[in-house]
Amino acid sequence: MIEIERAALNLTCCADTAAWTALMNDREDFSHAMGKALLKFIPFVPVLDNLTDAACAFTARYPVVAIDLWASLLVFEHPHTNTSELRNWVLHVLNLTGVAFMPLEPSQVQTLLQACATATSTTRRRHIANRIHAFQATLTEAFQCEPVVADSKSSDVLTYLDNLAMNVGSHATKSLAWAVDFTKRRWATEWKSDPQVVHRIKLLASMHPELFQAMLEHWVGLDIISLRECDLVFRHSIEFEAILGSVTGHPVVLHRLTTSTVYWHTQCANGDACYIQATHPTTTPLIGPFANVWSSPVLLELDIVDTLLVELDVALKHCPLYAFAAVLLSLWNLLAHLNQHYERYASQLAVATRLFFVSTLAPVACKLESEKLFVGVALVVESRWARWPMWTPRLTKRAVDFVSNVLPDCPTNEAKWAADMILKHFIIDSSTLQHVRRSLLPPEVLVILQHRAPVPPLPSMHIADGDTSDDDSFPEA
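Using our numbering, you'd call the opening residue of the sequence shown number 240 and step up by one each time.
Below, the structure is given as structure tokens:
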């Protein structure tokens, strides 16, 4: 097996055909092992055209194994693979070898048809998807089979929508074309009642209205959805769309946040857990570089803020990783708005603060990923969050207790480092840190607390706590 893999590696990476040709001419049948080796290396070959002759020869010599290989490659996906080019090359080999006109077994035909249907529904480049669909139609006609339609799995629909979102720049002016293309996928209508798909469409319609809101309008015109569904099912509230739309419309701030996230990730990787205390400001507190993307010209009603927090909670739970920073930055800007009127929004600030911590740190409530962790660290530390006027002694105690409780249960070293940095920030920077459960603090943090210099309150900061509740835990959203 090792010799076969070495021969396949030399063939795919070095264009050395000697060992591979020897295996092809050997009297012993190595076809299955050779097929597995090709499946392992072909997806990562930079120039696939160099393998065309060898692939055609393999198909002619071992057609049964080759059919399974090409079917597997048609649906192969990997972050480091150019999926569209791979599928285009496989189709080229299938056409060159005349597979559609070979005497295939019914099971082989069905394998190819199902692979073509799946590849057609998940291929981003339309001309390649059309080529695969044409090959599928040729197979169907040649073997007199029933047309095969890809299953309407929510993962396929989500993959399609995410591909549009991550390449929105090239699709922004083609909303009608993509709306029609969506209908050609012939997905069953169950996707309209799938919560994951609905949440994804609502999120993307807020992030990229120029494409996805236009697509929704075209879907109404094409009778895919009703006008009522468009407004009430697939759209967030006007306020939510305004916040998230403002965030995604400021690429400079998002880029700054991405850069900061990478910086803190690097600090963690280097094992640098120190926190440098800057000079405490004595004038009007700054809210940092990330909270000036959106601002409301009027005070938001309390029920509107409550609705926004519910929507942000759902969005943070269901958003894909590429959208997490934008959604969390939306929550951050809402926090900045509430911070300006902290006495009016006391209960909403507690809910929003809990939502921030749960979305970035809590191992049970969210799937911990390093990108999420360090987005949270960047926002908290670089914005000097503990110095905002919103913090009352009780709210500060809730935050410190929450992070202290999470810290021992963090599943990864990165999560522990991120929680430790946020905890140290509050211990060092907070001027409302009065009652802390010292038994929860790690030893090194306890030392910082014992030796920290007094932090003067800001002129606009309130010390009296208006929250008379006996519960020291965060309120649920």
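We treat Cβ as the ideally placed atom computed from N, Cα and C, and that holds for glycine.
Is DSSP giving residue i helix, strand or coil here?
{"i": "Lys226", "result": "Outside the shown range of the chain (240 to 716) lies residue 226, about which nothing can therefore be said."}
{"i": "Leu672", "result": "coil"}
{"i": "Val314", "result": "coil"}
{"i": "His438", "result": "helix"}
{"i": "Pro524", "result": "At Pro524, the pLDDT of 47 sits below 50, so the modelled position is not reliable; the number obtained from the coordinates is stated separately. Reduced to three states, the DSSP call for Pro524 is coil."}
{"i": "Val530", "result": "Here residue 530 is Ala; the residue named in the question, Val, does not match the sequence. Here Ala530 sits in coil by DSSP."}
{"i": "Arg623", "result": "coil"}
{"i": "Thr256", "result": "coil"}
{"i": "Thr379", "result": "helix"}
{"i": "Met273", "result": "helix"}
{"i": "His494", "result": "helix"}
{"i": "Trp571", "result": "helix"}
{"i": "Cys558", "result": "coil"}
{"i": "Asn509", "result": "coil"}
{"i": "Asp401", "result": "helix"}
{"i": "Tyr581", "result": "coil"}
{"i": "Val501", "result": "helix"}
{"i": "Glu550", "result": "helix"}
{"i": "Asp719", "result": "Beyond the ends of the chain as shown, which are 240 and 716, falls residue 719; an answer cannot be given."}
{"i": "Trp430", "result": "helix"}
{"i": "Glu608", "result": "coil"}
Counting C-beta neighbours from all protein chains within 10 Å, is the total for residue i 16 or more, i.e. buried, or is it exposed?
{"i": "Phe595", "result": "buried"}
{"i": "Thr487", "result": "buried"}
{"i": "Thr522", "result": "With a pLDDT of 40 at Thr522, under the threshold of 50, the predicted position of this residue should be treated as unreliable, though the coordinate-derived value follows. It is exposed - the Cβ of Thr522 has fewer than 16 other Cβ atoms within 10 Å."}
{"i": "Gly337", "result": "exposed"}
{"i": "Tyr581", "result": "buried"}
{"i": "Tyr718", "result": "It is not possible to answer for residue 718, since the shown part of the chain is limited to 240 through 716."}
{"i": "Val590", "result": "buried"}
{"i": "His366", "result": "exposed"}
{"i": "Lys423", "result": "exposed"}
{"i": "Ala261", "result": "exposed"}
{"i": "Thr518", "result": "Its pLDDT being 45, under 50, Thr518 is placed unreliably by the model, and nothing is read from it."}
{"i": "Gln587", "result": "buried"}
{"i": "Ser669", "result": "buried"}
{"i": "Arg467", "result": "exposed"}
{"i": "Gln435", "result": "exposed"}
{"i": "Leu287", "result": "buried"}
{"i": "Val212", "result": "For the chain, the structure presents residues 240 to 716; residue 212 sits outside this window and is missing."}
{"i": "Met405", "result": "exposed"}
{"i": "Pro520", "result": "Because Pro520 carries a pLDDT of 45, less than 50, the predicted location of this residue cannot be relied on, and the following value inherits that uncertainty. Pro520 is exposed by the Cβ-count criterion."}
{"i": "Ile515", "result": "No answer about Ile515 holds up, because its pLDDT of 48 lies below 50 and its placement is not dependable."}
{"i": "Thr291", "result": "exposed"}
Please name the residue in the options whose C-alpha comes closest to that of residue i.
{"i": "Phe665", "options": "Asp648, Trp533 and Val619", "result": "Val619"}
{"i": "Leu539", "options": "Phe479, Leu278 and Phe529", "result": "Phe479"}
{"i": "His382", "options": "Val684, Ala368 and Leu351", "result": "Checking the displayed sequence, the identity of residue 382 turns out to be Phe instead of His. The residue with the shortest Cα to Cα distance from Phe382 is Leu351."}
{"i": "Ile661", "options": "Val642, Thr671, Trp503 and Arg677", "result": "Val642"}
{"i": "Val544", "options": "Pro528, Tyr561 and Asn578", "result": "Asn578"}
{"i": "Gly460", "options": "Thr500, Arg474, Ala296 and Leu415", "result": "Leu415"}
{"i": "Arg593", "options": "Val549, Lys663 and Leu471", "result": "Val549"}
{"i": "Ile241", "options": "Lys275, Asn264 and Glu449", "result": "Lys275"}
{"i": "Asn638", "options": "Tyr561, Val597, Pro647 and His331", "result": "The identity of residue 638 in the sequence shown is Ala, whereas the question assumes Asn. Out of Tyr561, Val597, Pro647 and His331, Val597 has the C-alpha closest to the C-alpha of Ala638."}
{"i": "Arg326", "options": "Phe340, Tyr584 and Ala310", "result": "Ala310"}
{"i": "Leu573", "options": "Glu324, Ser485 and Thr298", "result": "Ser485"}
{"i": "Pro528", "options": "Arg495, Ala356 and Leu290", "result": "Arg495"}
{"i": "Ala625", "options": "Thr546, Lys655 and Lys663", "result": "Lys663"}
{"i": "Leu672", "options": "Thr635, Arg583, Thr357 and Ala658", "result": "Thr635"}
{"i": "Leu333", "options": "Glu608, Ala294, Asp552 and Arg364", "result": "Ala294"}
{"i": "Asp640", "options": "Thr362, Val684, Ala257 and Ala258", "result": "Val684"}
{"i": "Glu610", "options": "Ala356, Glu621, Ala564 and Lys655", "result": "Ala564"}
{"i": "Thr428", "options": "Leu403, Val396 and Ala444", "result": "Val396"}
{"i": "His183", "options": "Arg370, Thr362 and Ala356", "result": "Any question about residue 183 goes unanswered here, given that the chain covers just 240 to 716."}
{"i": "Leu541", "options": "Tyr584, Asp265, Thr500 and His576", "result": "Tyr584"}
{"i": "Ala453", "options": "Val419, Ser432 and Trp430", "result": "Val419"}
{"i": "Ser445", "options": "Arg364, His576, Ser476 and Asp433", "result": "Ser476"}
{"i": "Ala562", "options": "Cys469, Leu403, Glu456 and Asp255", "result": "Leu403"}
{"i": "Trp656", "options": "Thr505, Ala254 and Asp470", "result": "Thr505"}
{"i": "Asp268", "options": "Asp292, Arg677, Ile243 and Ile464", "result": "Ile243"}
For the structure I just gave you, are there three or more beta carbon pairs, one from the region 271-289 and one from the region 316-334, closer than 8 Å? yes
Please give the ranges of any alpha helix (DSSP H) in the region 461-489, keeping only runs that are unbroken, at least 4 residues long and fully inside the region. 466-471 and 477-487
Does the region 421-440 come into contact with the region 502-510, if we say contact requires no fewer than three beta-carbon pairs (one atom in each stretch) closer than 8 Å? no
Is the region 568-575 touching the region 526-543, taking contact as three or more C-beta pairs under 8 Å? yes
Contact between the region 298-307 and the region 333-349: three or more CB pairs below 8 Å? yes
For the structure I just gave you, are there three or more beta carbon pairs, one from the region 624-636 and one from the region 645-659, closer than 8 Å? no
Contact between the region 269-280 and the region 245-256 is defined here as three or more beta-carbon pairs at a separation below 8 Å; is this criterion met? yes
At what residue ranges does the region 296-372 contain a whole run of the alpha helix (DSSP H), taking only runs of 4 or more? 302-313, 322-335 and 345-361
Could you name each continuous alpha helix (DSSP H) segment of 4 residues or more that falls completely within the region 620-669, going from the start of the chain to the end? 632-645 and 652-668
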